[in-house]
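Under numbering that gives the first Met the number 0, think of the first position of the sequence shown as 0, with each following residue one higher. Worksheet for the structure shown next.
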Amino acid sequence: MSHYIVGDIQGCFRELEALLTKVSFNPENDTLWCVGDIVARGPDSRDALKFFYQNSRSVHTVLGNHDLNLMAVLLGYRKPNPKDKLDTLLADSERFSWLDWLRQQPLLQQLKSHETVIAHAGIYPWWKLEEAAQYANEVENVLVGTQFESFMRELFGNTPEKWDSSLQEFDRYRFIVNAFTRMRYCSPDGELEFSKKDNPYQSSSQDSFKPWFNFWPESDNRVIFGHWAALMGETRRQDVIALDTGCVWGQHMTLYNVESKTFFHQPALSGK
């Protein structure tokens with residue numbers, strides 16, 4: 000049995016298939032986790048989501064910002080962005096079954112026996128891991144509860160920018176979701192900055208905002224995340240692993256074997 004984690008798929012299903020073939024992935028014995036963003040921008044979002052849904056005993060995901068956006072689109076609370084190429088998915092008769100499956104997926108997953116933690120954008124550095132798990136669970140309970148539709152209507156926005164344990168209801172949930180699914184840069188006092196998406200190692204910016212993992216304390220746990228394609232896998236840390244390597248932008252998709260700590264890469268395929 001092997002455990003694998005794959006970076007953002009974003010509708011690039013052919014590349015995922017090629018990677019799984021490369022490692023002889025067997026859903027009867029092996030387990031696959033995605034760091035989130037199964038859908039959007041690539042050509043095959045429907046096939047990618049259908050694959051996860053149909054193989055849900057062995058193929059799993061944490062929620063990414065594009066997955067949450069799809070949920071809101073399916074509910075009619077957001078208009079689909081043509082750039083997301085979701086028309087085929089949105090026309091499929093199974094779409095609401097997929098919605099029900101998505102709302103049951105976690106924001107944070109711990110593979111405790113492997114000392115590995117998975118979250119789409121990372122973990123807010125001012126939370127201990129136990130706190131992060133608690134806050135993720137708060138939102139996960141809302142997603143499967145009676146507040147689900149109200150939550151989806153109130154979810155999208157950039158405020159509050161900074162965590163306060165006294166935050167209540169949808170302000171609290173919105174910050175938690177933004178931290179897990181949209182975070183890249185933070186200030187030293189914990190403010191999130193959503194407009195910066197560049198590679199910090201190629202930037203001449205002198206402002207106070209730094210990559211969130213610059214503030215994350217060293218840990219025995221590996222934190223594995225996606226979301227930040229511009230990093231191209233570079234964090235300059237052994238315990239923080241970035242798996243979004245820009246397949247949907249013409250780069251490559253990355254798969255990570257948890258046991259052997261081995262990376263596998265699949266270049267973006269032509270003909271998209």
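Cβ coordinates follow ideal geometry from the N, Cα and C atoms, glycine included.
Return the CA-CA distance between residue 35 and residue 131, expressed in angstroms with no decimal places. The alpha-carbon atoms of residue 35 and residue 131 are separated by roughly 17 angstroms.
Can you give me the C-alpha to C-alpha distance between residue 271 and residue 247, rounded to a whole angstrom? Low local confidence applies: a pLDDT of 45 at residue 271 is under 50, so the model's placement there is unreliable, with the coordinate-based value given in what follows. Annotation: residue 271 to residue 247 spans about 9 angstroms, alpha carbon to alpha carbon.
Cutoff 6 angstroms; reference residue 226; Cβ partners in own chain excluding five residues on either side: If the five residues before and after residue 226 are omitted, its C-beta is found closer than 6 angstroms to the C-beta atoms of 119, 120, 243, all from its own chain and listed in chain order.
Minimum length 4: unbroken alpha helix (DSSP H) runs contained in the stretch 72-143: Taken in chain order, the whole alpha helix (DSSP H) runs of length 4 or more contained in the stretch 72-143 are 86-89, 94-101, 128-142.
Put residue 213 into one of helix, strand or coil per three-state DSSP. Under the three-state reduction of DSSP output, residue 213 falls in the helix class.
Using only CA atoms, which one of 21, 267, 238, 122 lies nearest to residue 114? Out of 21, 267, 238, 122, 238 has the C-alpha closest to the C-alpha of residue 114.
Buried or exposed by the 16-neighbour rule on C-beta atoms within 10 Å, applied to residue 184: By the Cβ-count criterion, residue 184 is buried, with 16 or more other Cβ atoms from all chains shown falling within 10 Å of its own Cβ.
Count the CB pairs spanning the stretch 172-186 and the stretch 143-163 that are closer than 8 angstroms, and state whether there are at least three. Three or more Cβ pairs drawn from the stretch 172-186 and the stretch 143-163 lie within less than 8 angstroms of each other, which places the two stretches in contact.
What are the residues that DSSP puts in a beta bridge with residue 252? For residue 252, which the question treats as bridged, DSSP gives the partners 265.
How should residue 0 be labelled, buried or exposed, when 16 other C-beta atoms within 10 angstroms of its C-beta is the threshold for buried? It is exposed - the Cβ of residue 0 has fewer than 16 other Cβ atoms within 10 Å.
Coarse secondary structure for residue 11, derived from DSSP in three states: Looking at residue 11 - three-state DSSP - the assignment turns out to be coil, as it is neither helix nor strand.
Which class does residue 145 belong to by DSSP, given the choice of helix, strand or coil? In the structure shown, residue 145 sits in coil (DSSP, three-state: anything other than H, G, I, E or B).
For the stretch 152-167 against the stretch 245-262, do three or more pairs of beta-carbon atoms, one drawn from each stretch, fall closer than 8 angstroms, so that the two count as touching? No, they do not touch.
8 angstroms contact criterion, which residue 273 and residue 77 should meet: CB distance rounded: Residue 273 cannot be examined here, being either before or after the span of the chain that is shown, 0 to 271.
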